[in-house]
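**Student:** For what it's worth, this note's numbering labels the leading residue of the first sequence as 1, then goes sequentially. Would you mind keeping the following structure in view while I ask a few things?
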Amino acid sequence: MRFSRLLVPTSKETPNDATLASHIYLIRGGFIQSVGGSGLYNFLPLGKKILDKVRAVVKDELDKAGCQEVALSFVTPATLWEESGRLEKYGKELLRFKDRKNNDFILGPTHEEMMVNLVRQSVKSYKQLPLNLYQINLKFRDEIRPRFGLMRGREFLMKDGYSFHASVEDMHREFALMEETYKKIFTRLGLEFRVVEADSGAIGGSGSKEFMVLADSGEDTIVVCPDCKYGANIEAAVKKLKIYDDTSIRSTNYVEEEYIFDDSSIENLSNYLGKDKYFFVKKIYKKAIFKDETKIVVFFLRGTDYLEETKATNSIGALELVDPTQQEIEDSGLSSAGPIIGDYNSLPNDAIYRIDNGLKNQHNLIMGANSKNKIFKGMSLIEERHKDSFADISAVQEGDACIHCGGALTYTKGIEAGHIFQLGTQYSEPLGCNLLDENGKSVPMVMGTYGIGVSRLLAGIIEQNHDDKGCIWTKESAPFDLHIIISNIKDKAQVALGEKLYETLKSKGVDVLLDDRKERFGPKIKDFELMGVPHGVLIGKKLADGMVEFMTRDGMLKEEMSSEEILSFLEGKF
RNA sequence: CGGAGUGUAGCGCAGUCUGGUAGCGCACCUGGUUUGGGACCAGGGGGUCGAAGGUUCGAGUCCUUUCACUCCGACCA
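Below, the structure is given as structure tokens:
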């Protein structure tokens with residue numbers, strides 16, 4: 001490709017809404033273009049080319065693993081989503097609209113329903129399984145707050161795959177195969193990543209794993225163990241409970257103690273009593289939104305712990321939790337609901353509450369006494385009094401012990417680029433996707449689902465591979481193999497050598513970009529740095545001494561070599 | 001939805017308080033000089049000032065309504 005013919009509107013200016021390296025360089029490098037803001041982007045020729053290359057890697061590995069590509073209709077009848085029950089559950093991210101006949105449709109954010117519909121029409125027997133079907137197509141999610149360029153756009157390219165099985169065991173086999181296949185894809189793309197345990201979110205199911213591209217700019221916090229393989233999204237991370245005791249708080253029953261100040265924060269009380277925050281019980285109110293109702297709920301945690309909202313949401317089966325106003329807490333009748341301990345359970349019978357597992361059967365605790373300026377010391381939380389109310393709702397903190405090996409867990413940031421789920425019969429059952437088993441009995445198919453954010457991967461690659469000058473594409477994602485710069489287009493010798501290298505290499509199948517523009521050296525080298533082709537050849541004024549430079553974008557290394565040898569050197573390299 | 005802010009040329013902005021010819025930088029076009037780090041000189045094209053209504057002799061500027069977008073908090077590939 002000749003640069004003079006290429007549509008790459010590179011720019012010196014950083015768009016004012018771009019904060020992330022990937023967002024800045026994808027726009028400045030002329031790969032993508034914003035469409036009236038709000039998370040919509042056009043892919044310009046180079047962006048599209050890279051997208052296709054990444055997509056090809058994904059497709060290649062999936063096909064090798066026995067998956068089959070299909071393309072589902074982009075517009076989805078809303079009735080399918082009613083059947084699965086997700087029409088309500090999915091909420092406002094789902095874009096809904098009507099056609100001229102007033103029928104309801106949605107733009108698919110993910111396509112479990114559509115794929116199940118496809119399969120239930122064409123698969124009837126266990127003999128036709130297993131089956132793993134996927135598509136690489138646009139998805140639409142009406143994000144509350146799109147941002148960070150391709151990282152969180154509203155329209156994005158996603159590979160979504162779905163597998164169908166006659167047994168849970170076979171689904172597990174496929175799940176493991178997909179984990180391995182995903183590892184190959186991410187490795188080929190040159191990404192540093194980690195596979196972690198995850199929450200299943202709106203897709204549902206159990207035993208899901210996320211593929212996290214490690215980057216400081218990542219939006220997810222992941223918990224990793226330095227001593228073993230354990231890694232988990234903080235939304236799903238677990239820890240080994242640490243149990244201490246302080247017998248000085250112990251009493252045969254409990255002790256009521258008064259204090260005179262108003263600030264009843266754990267911090268303040270801890271200082272006042274000279275007892276570690278660990279022994280305090282704190283109470284957190286949330287407004288829980290359920291399918292049919294909204295209710296104030298309460299969570300109890302150790303003074304040293306923090307509520308993990310996703311875990312808390314799951315523990316009560318709510319759709320989401322929001323912060324209540326002070327008034328809502330008062331109106332709920334739970335505002336003075338204090339210890340649910342010993343004989344002092346002051347919670348109404350229908351109250352929804354959860355106590356963190358870290359407090360199960362613990363003694364010598366300190367907590368509010370249901371009235372101002374009083375606390376109880378020496379309390380116990382006994383499992384049998386709160387049978388169904390214990391749950392893991394606290395966030396893992398750095399330094400907590402790994403549940404597998406006891407190592408000190410640490411936080412790191414990641415970009416969720418892939419997610420694989422064990423669905424079971426969650427969709428096949430309501431949608432009536434059944435098969436006849438060996439006994440001629442009709443049973444729902446067992447499913448798995450597997451996603452990769454293809455357009456997000458472009459952003460992930462740049463987050464991991466850039467410097468202060470621009471992009472540095474990895475081998476399999478690069479827009480070209482080689483970028484040749486003719487420094488002065490009026491210098492006939494430079495042009496002649498550039499053209500010779502370009503034509504020769506092109507004829508041998510090397511994907512070469514020749515910068516033949518009538519520009520000065522400055523813009524040309526800047527564009528090389530911005531666009532991030534891994535290697536370049538600089539034909540400039542040193543040609544007068546018979547020398548050219550071979551450049552490596554990563555580190556901007558320049559190697560001088562003779563203009564006689566450069567062609568054979570390049571032929572050997574590409 | 002809550003809070004803060006912005007809409008003026010493809011992009012980045014000034015002009016709005018105090019109403020009176022639509023501006024600047026980058027980009028673009030023509031000619032020339034220049035050619036190792038986004039160079040210079042001269043000339044040029046490009047705007048329903050987010051939209052609607054109002055006040056006024058006159059509105060980018062004042063008033064009302066409305067829409068869009070950005071930033072900070074709860075979603076997800």
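Each residue gets a CB set at the ideal place from its N, CA and C atoms; glycine is no exception. Since we're looking at a predicted model, the values are computed, not measured.
1) Looking at the unbroken beta strand (DSSP E) that takes in Gly498, where does it start and where does it end?
2) Run the CB neighbour count on Asn575, radius 10 Å, all protein chains shown included, and call it buried at 16 or more, exposed below.
3) Rounded C-beta distance between Tyr41 and Gly153? I'm assuming under 8 Å.
4) Run through the DSSP bridge pairs and tell me what Ser208 is partnered with.
5) Where does the unbroken beta strand (DSSP E) through Val446 begin, and where does it stop?
6) Just to confirm my understanding: we take Lys53, look at its own chain, exclude 5 residues before and 5 after, and list those with CB closer than 7 Å. What are they?
7) Rounded to whole angstroms, what's the CA-CA distance from Lys518 to Tyr25? Just pull it up for me.
8) By how many angstroms is the C-alpha of Ile136 removed from the C-alpha of Ala71?
9) Could you check where the alpha helix (DSSP H) with Lys469 kicks off and where it finishes?
10) Would you call Phe480 buried or exposed, if buried means 16 or more other Cβ atoms sit within 10 Å of its Cβ?
11) Between the C-alpha atoms of Ile27 and Tyr278, what's the straight-line distance to the nearest angstrom?
12) Ile234 and Lys75 - do their beta-carbons sit closer together than 8 Å?
13) Got a sec? Which residues, its chain only, sit under 6 Å from Lys558 by beta carbon, not counting five neighbours each side?
14) What are the start and end residues of each continuous beta strand (DSSP E) run of 3 or more residues lying completely inside the stretch 504-561, in chain order?
15) Leaving aside the five residues before and after Leu6 along the sequence, list all residues of the same chain whose C-beta is less than 7 Å from its C-beta, in chain order.
16) Just the Cα atoms here: how many angstroms apart are Leu95 and Ser487?
17) Please classify Glu565 as buried or exposed, where buried requires at least 16 neighbouring CB atoms within 10 angstroms.
18) Hey, Glu320 and Ile289 are a contact pair by Cβ (cut 8 Å); roughly how many whole angstroms apart?
19) Using 10 angstroms around the beta-carbon of Ile243, count the other beta-carbons present and answer buried if the total reaches 16, otherwise exposed.
20) Count the C-beta pairs between the stretch 509-516 and the stretch 442-451 that are closer than 8 Å, then say yes if the count reaches three, no if not.
21) Using the rule of at least 16 other Cβ atoms within 10 Å of the residue's Cβ for burial, across every protein chain shown, is Asp350 buried or exposed?
22) Spatial neighbours of Thr310 within its chain, please: C-beta separation below 7 Å, excluding the five flanking residues on both sides.
23) Along the chain, where does the alpha helix (DSSP H) containing Val396 start, and where does it finish?
24) Which runs of the beta strand (DSSP E) at least 3 residues long sit entirely within the stretch 264-337? Give them in chain order.
25) Give me the DSSP bridge partner(s) of Thr412.
26) Quick one, are the C-beta atoms of Phe186 and Phe175 less than 8 Å apart?
27) Relative to the C-alpha of Leu150, which residue among Leu133, Glu93, Gly47, Lys184 is closest?
28) Where do the N-terminal and C-terminal ends of the alpha helix (DSSP H) with Leu80 fall, by residue?
29) Taking the alpha-carbon positions, what's the Asp104 to Trp81 distance?
30) Measuring CA to CA, which of Val57, Ile484, Ala237 is closest to Arg2?
31) Between the stretch 452-472 and the stretch 412-420, can you find at least three pairs of beta-carbon atoms closer than 8 Å?
32) Could you check where the beta strand (DSSP E) with Glu179 kicks off and where it finishes?
33) Pick out the complete beta strand (DSSP E) segments inside the stretch 32-57, 3 residues or longer, and give them in chain order.
34) Tyr126 and Leu359 - do their beta-carbons sit closer together than 8 Å?
35) What are the partner residues of Val443, as DSSP defines its beta bridges?
36) Taking the C-alpha atoms as reference points, what is the distance between Tyr90 and Tyr353?
**Tutor:** With the structure as the only source:
1) The residue labelled residue 498 in the question sits at position 498 within the first sequence. Premise fails: Gly498 lies in the alpha helix (DSSP H), 492-507, not in any beta strand (DSSP E).
2) One cannot answer for residue 575 here, as it falls past the ends of the chain, which runs 1 to 574.
3) Working through the first sequence from its first residue, we reach residue 41 at position 41. Working through the first sequence from its first residue, we reach residue 153 at position 153. Indeed, because the Cβ distance is near 6 Å, the residues count as touching under 8 Å.
4) As a position in the first sequence, residue 208 is number 208, starting the count at 1. Answer is Ala198, bridged to Ser208.
5) Along the first sequence, read from residue 1 onward, the residue named residue 446 stands at position 446. It spans 446-453 - the beta strand (DSSP E) in which Val446 sits, taken as one unbroken run.
6) Stepping through the first sequence from its first residue, residue 53 is reached at position 53. Cβ neighbours of Lys53 beyond the five flanking positions: Glu476, Ser477.
7) Taking the first residue of the first sequence as 1, we reach residue 518 at position 518. Taking the first residue of the first sequence as 1, we reach residue 25 at position 25. So the alpha carbons of these two residues sit roughly 24 Å apart.
8) The count along the first sequence starts at 1 and reaches residue 71 at position 71. The count along the first sequence starts at 1 and reaches residue 136 at position 136. Going by the C-alpha atoms only, they are around 7 Å apart.
9) Taking the first sequence and counting its residues from 1, one reaches residue 469 at position 469. No alpha helix (DSSP H) contains Lys469, which DSSP labels as neither H nor E.
10) In the first sequence, residue 480 corresponds to position 480, counting from 1. Result: buried.
11) In the first sequence, counting from the first residue as 1, residue 27 sits at position 27. In the first sequence, counting from the first residue as 1, residue 278 sits at position 278. For Ile27 and Tyr278, the distance between alpha carbons rounds to 49 Å.
12) If you number the first sequence from 1, residue 75 lands on position 75. If you number the first sequence from 1, residue 234 lands on position 234. For clarity, residue 75 is Val in the given sequence; the question names Lys instead. Cβ atoms of Val75 and Ile234: not closer than 8 Å.
13) Translated into the one-based positions of the first sequence, residue 558 becomes position 558. Closer than 6 Å at Cβ, skipping near neighbours: Glu549, Met551.
14) 512-515, 535-539, 547-552
15) Counting from 1 along the first sequence, the entry for residue 6 is found at position 6. Hits under 7 Å: Pro45.
16) Taking the first residue of the first sequence as position 1, residue 95 is located at position 95. Taking the first residue of the first sequence as position 1, residue 487 is located at position 487. Whole-angstrom Cα-Cα distance: 50 Å.
17) Sequence index remark: in the first sequence, residue 565 carries index 565 (1-based). Answer is exposed; the Cβ neighbour count stays below 16.
18) As a position in the first sequence, residue 320 is number 320, starting the count at 1. As a position in the first sequence, residue 289 is number 289, starting the count at 1. 5 Å between Cβ atoms; contact.
19) To locate residue 243, count along the first sequence from 1; it is residue 243. Burial call: exposed.
20) no
21) For the purposes of this step, residue 350 is taken as the residue at position 350 of the first sequence. Counting Cβ neighbours within 10 Å, Asp350 comes out exposed, since fewer than 16 surround it.
22) Position 310 of the first sequence, counted from the start, is the residue given in the question as residue 310. Within the same chain, Thr310 has close Cβ partners Asp199, Glu235.
23) Along the first sequence, read from residue 1 onward, the residue named residue 396 stands at position 396. Unbroken run through Val396: none, as it is neither H nor E.
24) 281-289, 294-302, 320-322
25) The residue you call residue 412 lines up with position 412 of the first sequence. Ile222.
26) The count along the first sequence starts at 1 and reaches residue 186 at position 186. The count along the first sequence starts at 1 and reaches residue 175 at position 175. No. Outside cutoff.
27) In the first sequence, the residue the question calls residue 150 occupies position 150. Checked all of Leu133, Glu93, Gly47, Lys184; the closest Cα to Leu150 is Gly47.
28) For this step, residue 80 is matched to residue 80 along the first sequence. Segment 78-84, the alpha helix (DSSP H) holding Leu80.
29) In the first sequence, residue 104 corresponds to position 104, counting from 1. In the first sequence, residue 81 corresponds to position 81, counting from 1. Each residue's alpha carbon lies about 10 Å from the other.
30) The count along the first sequence starts at 1 and reaches residue 2 at position 2. Among Val57, Ile484, Ala237, the Cα nearest to that of Arg2 is on Ile484.
31) yes
32) Here residue 179 refers to the residue found at position 179 when the first sequence is read from its first residue. Run containing Glu179: none in the beta strand (DSSP E); it sits in the alpha helix (DSSP H), 168-188.
33) 32-34, 41-43
34) Position 359 of the first sequence, counted from the first residue, corresponds to residue 359. Position 126 of the first sequence, counted from the first residue, corresponds to residue 126. Contact: no.
35) One-based indexing of the first sequence puts residue 443 at position 443. Beta-bridge pairing links Val443 to Leu435.
36) Residue 90 sits at position 90 when you count from the first residue of the first sequence. Residue 353 sits at position 353 when you count from the first residue of the first sequence. Those two C-alpha atoms are separated by around 25 Å.
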